[in-house]
Amino acid sequence: MDLTTILIQLLNSVQYGLLLFLISSGLTLVFGIMGVINLAHGAMYMIGAYLAYAFVEWSGSFSVALLLGIPVMLVVGIIIERFLIDHLYKKDHLFQVLLTFGLILILNDLQSLIWGNDTHGVPIPEVLSGSITLTDTMQYPVYRLTVSAICLVLALGMYWVIQKTRLGMTIRAGASNREMVEALGINVRTLFTIIFAAGVALAGLGGMISAPLSSVYPGMGDSVLIICLVVVVIGGIGSIKGAFWGAMLIGLVSTFGPILIPSLASVMVYLVMAIVLLVKPRGLFA
Amino acid sequence: MENDYIVKAEGLQVYYGASHVLHGVDFSVKKGETVSLMGRNGMGKTTTLRSILGFVPPKEGKVEIFGQDMTGARPFNVIKRHLAYVPEGRGMFHNLSVREHLEMPARAGMDGKRRWTFDRVMETFPRLSERLDNMGSQLSGGEQQMLAIGRALMTNPELLILDEATEGLAPLIREEIWRIIQIIKNDGISTIIVDKNIGPILDMADRNIILVKGNIVFEGTSDQLREDPEILARNIGV
């Protein structure tokens with residue numbers, strides 16, 4: 001590999017890692033603070049991608065699609081938390097797995113009913129469709145850089161909210177001792193709704209901004225769910241910091257792995273997870 | 287006067303599964319009052335507190351907070367009506383710094399004023415001011431207890447509930463905690479104290495309640511208990 005290829009792959013892995021972080025952050029927060037395994041998290045990514053497709057088809061503008069898509073995802077998150085997840089807090093994890101798995105099946109079928117089973121594409125927005133010249137022969141697409149920038153800004157924003165605001169303190173306190181948060185006169189249920197809806201919106205946003213990079217197709221959330229669970233487990237369940245470094249690690253491994261050891265390409269990510277768990281059984285930042 | 291009551295609970299019947307823990311407990315605290323709750327382990331002291339606060343809803347009975355029926359209400363809803371709870375075990379957040387413990391729940395009191403501010407908590411607990419950036423889990427037991435009380439004061443409560451606030455602490459630290467409880471009492475905040483140190487309790491409490499197996503067997507002033515030590519000997523074993 002020459003230097004330019006390495007640079008481009010590095011940019012790709014950072015972009016993929018940041019995107020994974022965006023999607024995984026909600027999963028890890030919901031799991032860590034609310035104690036709920038949301039297997040339908042990947043389906044939220046899928047809904048986001050389909051919403052981007054539908055709104056771009058309707059309005060012709062990607063920005064309009066984002067502006068409409070994010071509030072829709074928030075509402076979806078609130079509805080799922082209030083009407084479904086709410087019944088699961090005091091129940092065994094098995095119930096959560098059953099319900100959220102059922103939700104995947106229902107949402108996949110709904111997707112099929114509304115949009116059919118064809119693969120769709122979402123065009124890259126006109127202004128971002130160019131490329132930046134790296135060398136005489138190598139170029140890098142502006143849209144990929146934009147995706148990285150959006151994810152980075154959101155990651156920094158999330159860091160700020162969680163570390164510096166009272167809402168963030170309350171969220172962290174909730175991860176440490178939920179009952180004590182309630183004992184300070186704070187409505188933990190409202191806190192849960194906020195966290196869940198934000199997590200769903202972030203996963204959905206991940207789906208929206210990746211729609212122009214990959215195609216939009218049925219079941220696209222399933223593989224994302226698996227890889228996000230890997231990220232969350234590597235980082236340490238409930239840790240946002242862990243989700244960030246876990247996602248960056250998976251980004252690197254899944255970009256460079258297939259190039260360096262092609263024969264192990266399909267298991268590379270799981271191998272890394274196994275090694276991390278052997279060294280740190282509770283994840284990197286648990 | 288009826289509306290002098292902060293907490294008024296009547297006939298609390300509480301079960302944990304099949305076991306009957308509270309057998310019709312009546313419990314009240316008036317404004318400015320310091321009430322102690324005594325009894326051996328497992329007699330229902332913590333359960334009484336937790337059923338009033340809504341953590342363990344009573345099967346029968348009624349809980350009023352400032353005259354409003356709060357029976358079966360969720361704990362946050364009860365506690366935000368100007369109560370503060372310092373639970374047994376202190377309820378630290380291992381991932382929050384001392385400063386964050388105090389900033390997180392800060393709010394104005396019943397009159398809309400903030401009598402207890404960050405600065406006043408620092409004055410009252412000078413030890414904490416040296417450890418502002420430490421995490422809750424890095425503090426000693428005594429410091430954790432001070433932080434738990436400081437955190438409760440930041441909500442500017444009318445009633446502070448202290449469950450085993452001096453348990454497991456060295457004698458000097460214990461004295462420090464009692465000194466702080468006295469400051470809180472002098473500040474006009476009502477308190478419910480659950481503790482095993484009879485001496486300081488009797489000095490502090492306006493009214494004492496002794497629980498045996500989920501029943502109130504004594505309710506009266508500290509002087510009554512001092513005059514008849516047999517009551518304490520029989521029911522608590524001191």
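So the sequence lines, in the order shown, correspond to chains A and B. Heads up, the first sequence is in this note's numbering, so the first residue is 1 and it goes up one at a time. Heads up, the second sequence is in this note's numbering, so the first residue is 287 and it goes up one at a time. In this text, a Cβ means the ideal position worked out from N, Cα and C, and glycines have one as well.
Say whether chain A places a C-beta atom closer than 7 Å to the C-beta of residue i.
{"i": "B:G523", "result": "no"}
{"i": "B:Q379", "result": "According to the sequence shown, residue 379 of chain B is Phe rather than Gln. By this cut-off, B:F379 is an interface position."}
{"i": "B:P391", "result": "yes"}
{"i": "B:F404", "result": "no"}
{"i": "B:Y301", "result": "no"}
{"i": "B:I365", "result": "yes"}
{"i": "B:L382", "result": "yes"}
{"i": "B:E267", "result": "There is simply no residue 267 of chain B to check, as chain B begins at 287 and stops at 524 in what is shown."}
{"i": "B:V293", "result": "no"}
Who are the Cβ neighbours of residue i in its own chain at under 7 Å, not counting the five residues just before and after it?
{"i": "B:M287", "result": "Residue placement at B:M287 is poorly supported in this model, since its pLDDT is 47, which falls under 50; the coordinates are not used for a value here."}
{"i": "B:Q431", "result": "R376, A451, L455 and I463"}
{"i": "B:K471", "result": "T320, T477 and M490"}
{"i": "B:K399", "result": "none"}
{"i": "A:A211", "result": "A49, A52, Y53 and V122"}
{"i": "A:M138", "result": "T4 and I8"}
{"i": "A:N38", "result": "L27, V30 and T100"}
Residue i touches chain A at which residues, Cβ-Cβ below 8 Å?
{"i": "B:G474", "result": "Within chain A, no residue comes near B:G474; the closest Cβ sits about 20 Å away, beyond 8 Å."}
Out of the options, which has the shortest C-alpha to C-alpha gap to residue i?
{"i": "A:V200", "options": "A:L19, A:V253 and A:G26", "result": "A:G26"}
{"i": "B:G318", "options": "B:G427, B:I475 and B:I517", "result": "B:I475"}
{"i": "B:M447", "options": "B:M440, B:P457, B:E453 and B:I435", "result": "This sequence places Ile at residue 447 of chain B; Met is not what is there. When only C-alpha atoms are compared, the closest one is B:I435."}
{"i": "B:A519", "options": "B:G500, B:I496 and B:N501", "result": "B:I496"}
{"i": "B:D405", "options": "B:M396, B:L418, B:G358 and B:D397", "result": "B:L418"}
{"i": "A:I234", "options": "A:R178, A:K91 and A:M248", "result": "A:M248"}
{"i": "B:V315", "options": "B:E444, B:R465 and B:E453", "result": "B:E444"}
{"i": "A:L66", "options": "A:A243, A:I150, A:L167 and A:F285", "result": "A:I150"}
{"i": "A:D92", "options": "A:D109, A:M34 and A:L110", "result": "A:M34"}
{"i": "A:L225", "options": "A:F83, A:A203 and A:F95", "result": "A:A203"}
{"i": "A:G17", "options": "A:V147, A:L94, A:G116 and A:S59", "result": "A:V147"}
{"i": "A:S295", "options": "A:N177, A:D86, A:T190 and A:I250", "result": "No answer is possible for residue 295 of chain A: the residues shown for chain A start at 1 and end at 286."}
{"i": "A:V153", "options": "A:V232, A:D86, A:L19 and A:V56", "result": "A:L19"}
{"i": "B:E346", "options": "B:T403, B:L298 and B:D492", "result": "B:L298"}
{"i": "A:V232", "options": "A:I6, A:M1 and A:I23", "result": "A:I23"}
{"i": "A:C228", "options": "A:L264, A:V269 and A:V64", "result": "A:V269"}
{"i": "B:D473", "options": "B:W402, B:D481 and B:N494", "result": "B:W402"}
{"i": "B:T334", "options": "B:P373, B:R512 and B:S426", "result": "B:P373"}
{"i": "B:H387", "options": "B:D290, B:L425, B:N483 and B:P486", "result": "B:L425"}
{"i": "A:L145", "options": "A:G77, A:I209 and A:G116", "result": "A:I209"}
{"i": "B:R460", "options": "B:E409, B:G485 and B:S415", "result": "B:G485"}
{"i": "B:M378", "options": "B:M421, B:F411, B:G395 and B:L414", "result": "B:M421"}
Mind listing the chain A neighbours of residue i? Cutoff is C-beta to C-beta under 7 Å, in chain order.
{"i": "B:F362", "result": "E182, G185, I186, N187 and V188"}
{"i": "B:E386", "result": "M169"}
{"i": "B:T441", "result": "L184 and G185"}
If you drop the 5 nearest sequence neighbours on each side, which residues of the same chain put their C-beta closer than 6 Å to that of residue i?
{"i": "A:V272", "result": "V253"}
{"i": "B:T441", "result": "A370, P391 and R393"}
{"i": "A:P141", "result": "S131"}
{"i": "A:I261", "result": "none"}
{"i": "A:G246", "result": "V231, I234 and G235"}
{"i": "B:G500", "result": "V307, L308, H309 and G330"}
{"i": "B:F411", "result": "M432 and G436"}
Please list, in chain order, the chain B residues whose beta carbon lies closer than 7 Å to that of residue i.
{"i": "A:T287", "result": "There is no way to answer for residue 287 of chain A, as the model of chain A reaches only from 1 to 286."}
{"i": "A:N177", "result": "G377 and F379"}
Using a beta-carbon distance below 7 Å, is residue i in contact with chain B?
{"i": "A:S59", "result": "no"}
{"i": "A:S239", "result": "no"}
{"i": "A:A315", "result": "Since the displayed chain A opens at 1 and closes at 286, residue 315 of chain A lies outside it and no answer follows."}
{"i": "A:R166", "result": "yes"}
{"i": "A:G283", "result": "no"}
Under 9 Å between beta-carbons, which chain A residues line up against residue i? List them in chain order, please.
{"i": "B:P373", "result": "E179, M180 and A183"}
Can you list, in chain order, the residues of its chain with a C-beta nearer than 8 Å to that of residue i? Leave out the 5 residues immediately preceding and following it.
{"i": "A:I80", "result": "A40, L103, F196 and V200"}
{"i": "A:M293", "result": "It is not possible to answer for residue 293 of chain A, since the shown part of chain A is limited to 1 through 286."}
{"i": "A:I240", "result": "S25, T28, L29, M158, Y159 and I162"}
Is any heavy atom in the ligand PLP found nearer than 6 Å to the beta carbon of residue i?
{"i": "A:P262", "result": "Although the ligand PLP was asked about, the structure shown includes no ligands whatsoever."}
Counting pairs of Cβ atoms below 8 Å between the stretch 64-73 of chain A and the stretch 39-49 of chain A, do you hit three or more? Yes, they touch.
Spell out a yes or no on whether the stretch 182-189 of chain A and the stretch 356-371 of chain B are touching, meaning 3 or more CB-CB pairs, one atom from each, closer than 8 Å. Of all C-beta pairs linking the stretch 182-189 of chain A to the stretch 356-371 of chain B, three or more are shorter than 8 Å, placing the two stretches in contact.
Is the stretch 217-228 of chain A close to the stretch 148-163 of chain A, with three or more CB pairs under 8 Å? Between the stretch 217-228 of chain A and the stretch 148-163 of chain A, the count of C-beta pairs closer than 8 Å stays below three; the two stretches do not touch.
Can at least three beta-carbon pairs, one atom from the stretch 346-357 of chain B and one from the stretch 164-182 of chain A, be found at a separation below 8 Å? Judged by Cβ distances under 8 Å, the stretch 346-357 of chain B makes no contact with the stretch 164-182 of chain A, as fewer than three pairs qualify.
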